[in-house]
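Contents: one structure, followed by commentary.
Number of protein chains: 2
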Amino acid sequence: MPLTRRSMGLTTGSSATPGARARALSEAPAVEGREIPPATIARLPIYHRVLGTMDAQGVHTVCSDDLARACGVSAAMLRKDLSYLGSYGTRGVGYHVASLAFHISRELGTSVPYGVVLVGFGNLGRALASYRAFALRGFTLVGIFDSDPRTVGEPVLIGDEPLRVLPVDHLGEVVQFTGARIGVIATPADAAQAVCDTLVAAGIRSILNFAPAVLAVAADVELRKVDLAVELQILAFHEQRRVEEATHLVAHARPGMQVVHA
Amino acid sequence: MPLTRRSMGLTTGSSATPGARARALSEAPAVEGREIPPATIARLPIYHRVLGTMDAQGVHTVCSDDLARACGVSAAMLRKDLSYLGSYGTRGVGYHVASLAFHISRELGTSVPYGVVLVGFGNLGRALASYRAFALRGFTLVGIFDSDPRTVGEPVLIGDEPLRVLPVDHLGEVVQFTGARIGVIATPADAAQAVCDTLVAAGIRSILNFAPAVLAVAADVELRKVDLAVELQILAFHEQRRVEEATHLVAHARPGMQVVHA
DNA sequence: TAGATTGTTAATCGATTAACAATC
DNA sequence: TAGATTGTTAATCGATTAACAATC
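Line by line, the protein sequences give chains A and B. The numbering used here applies: residue 220 is where the first sequence begins, and numbers increase by one. The numbering used here applies: residue 220 is where the second sequence begins, and numbers increase by one.
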């Protein structure tokens, strides 16, 4: 078994009681009654990262205008987003970088480490496993799975933790043992739905899917997807529009005619 | 030079004249005056992929209900999305799978192959380079760049095309020579902005960024981003909410009290 | 013709922007 | 106090859903 003391420390159940962990978390949270909109939640990690960079550069205070610019959003949107968390700014002054970063981190749940299981250890899976931002943001890879017998058993060093690729049928066991909360699917498309079902059966409710497949899950499962081919195709659409625009200019413009870009 | 006859075939400028290529494309397009909303464009690649799978399975006709289910969207949304492309369905019958796939592909610009340059050949860059869905969707990797002298010069087999990792300062040259239209950034965060600027200076207007950094670009550059850490943090937020909900139930529920989930 | 299903319109919902009163 | 900047409200914009007339 490649499970280690550290990965076991992520357990949510046995050693730290659920009650104790829950109490520690509940001291935190946000403004009563205000549900944070999904669009805001998706931007909080960006704000957090940029604040972290500023903090590292010794910046102590930042106004919404400057922070918004650094995050690539409008100042109005930034302030509205932050207002869902509470009133952490000072009128006439701005936001305290370090403390705002802390409040966002707490809201995101990133202040508590989460265990991640990765299914699929091909090219993409290997890249993800060695991805630094993972561990930096409070995520720990506690299990790696693959169905290929040639890959199973392979030793993998995650930080200073030695893991070993396991067959997928050990997934439930490892999730229970480590208390992992997040599953990452990096298998080929045709295996993805079965893997997804296995993750859900193992108790995982938060899944990140890299396989180019539409997955069906129950409503209580949070499924996010990253689809490289889709992103490229969206870019291709815009490239084509560029060509079309150029065409229309050429087609409609007679010699000597002034061409004005719309 | 690792440039090949095939990669040169992607040229938009010299051999095929811009006019000829533009005319071929302009025979296509959609409903006059109707701009396709971004949300729709982002879904078209999914529809296209699912239709491709159905076609391969010998399905000839599909109604919006079934196609929507397979794509994980509502039937109303699917029909509205498709209506931006034109009227390709038949009332009382449904859509012809193969021809709908063709119309979507044409709209997306996927029917024409696009050259892609990849900057950053670390773990993620390598995974992307060997990613099959790339080539399958009409994208061809025509240049790979890295700043690490130990990586530069390394031979890479893309399909049956032998490429070689080049230093970043060859980028402009290769983009011009191959007619590449899309740039992919897979460098560390601190190098990303400089690489992005280099791509834009080389004439690239469609960029996919995997580096965990906010990039600034001119308004005419289409910049999309894929941020793995952000995705995980969004999942972590939902995990935390689960714990909080459980806490409130425990905190507010007295022994023997019925607990009803909201 | 009768049943099925599209394409479109109108209603709803959510996200973004603009503007400014509150307040440091 | 005067200037700066937040937090919030109202206006706008865009996306989704529901419903149904058109029509195969």
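Even for Gly, the Cβ is constructed at its ideal location relative to N, Cα and C.
| Query | Result |
| --- | --- |
| Taking C282 (chain B) as the reference, which of B:A455, B:T329, B:L319 has the closest Cα? | B:L319 |
| With DSSP run on the structure shown, which of helix, strand or coil describes I213 (chain B)? | Absent from the structure is residue 213 (chain B), since the part of chain B shown begins at 220 and ends at 481. |
| Quick one: what's got a C-beta closer than 8 Å to L343 (chain B)'s C-beta in the same chain, skipping five residues either side? | A405, F429 |
| Tell whether a beta-carbon distance below 8 Å holds between L360 (chain A) and I377 (chain A). | yes |
| Give a yes or no on whether 8 Å exceeds the smallest Cβ distance from G362 (chain A) to chain B. | no |
| Helix or strand or just coil, what does DSSP make of E380 (chain A)? | strand |
| When you compare the CB positions of A410 (chain A) and R356 (chain B), do they come within less than 8 Å of one another, or not? | no |
| Hey, is the region 361 to 369 of chain A in contact with the region 279 to 299 of chain A, meaning 3+ C-beta pairs nearer than 8 Å? | no |
| What residues of chain A sit near T417 (chain B), judged by a beta carbon separation below 7 Å? | Correct list: empty, because the minimum Cβ distance to chain A is about 18 Å. |
| Do V436 (chain A) and V419 (chain A) have their beta-carbon atoms positioned less than 8 Å apart in this structure? | yes |
| Just checking, does the region 321 to 334 of chain A make contact with the region 453 to 460 of chain B on the three C-beta pairs under 8 Å criterion? | yes |
| Output, in chain order, the set of chain A residues within a Cβ distance shorter than 7 Å of H457 (chain B). | S425, E441 |
| What does the alpha-carbon distance come out to for the pair H315 (chain B) and L451 (chain A)? | 26 Å |
| So, is the C-beta of Y350 (chain A) closer than 8 Å to a C-beta in chain B? | yes |
| If distances are taken between C-alpha atoms only, which option among A:D365, A:R443, A:G398, A:R424 comes closest to R383 (chain A)? | A:D365 |
| Could you tell me the alpha carbon to alpha carbon distance between P431 (chain A) and P407 (chain A), rounded to whole angstroms? | 8 Å |
| Please report the residue range of the alpha helix (DSSP H) in which R351 (chain A) lies. | 351 to 355 |
| Classify P368 (chain A) as buried or exposed, calling it buried when 16 or more other Cβ atoms lie within 10 Å of its own Cβ. | exposed |
| Verify the CB distance criterion: does C282 (chain A) have a CB-CB separation below 8 Å to chain B? | no |
| Where does V433 (chain B) land, buried or exposed, given buried means 16+ other C-beta within 10 angstroms? | buried |
| For S306 (chain B) and G291 (chain A), I'd like the C-alpha separation in whole angstroms. | 38 Å |
| Contact criterion: CB-CB distance below 8 Å. Does E380 (chain B) meet it with respect to chain A? | no |
| Cα-Cα, which of B:V336, B:T259, B:R310 is closest to L427 (chain B)? | B:V336 |
| Take E254 (chain A) as the anchor and find which of A:P381, A:L304, A:A399, A:I423 has the nearest alpha-carbon. | A:L304 |
| Once you ignore the five residues that flank A421 (chain A) on each side, which residues in its own chain have a CB closer than 7 Å to its CB? | L390, G391, V394 |
| Return helix, strand or coil for P368 (chain B), following the three-state DSSP convention. | coil |
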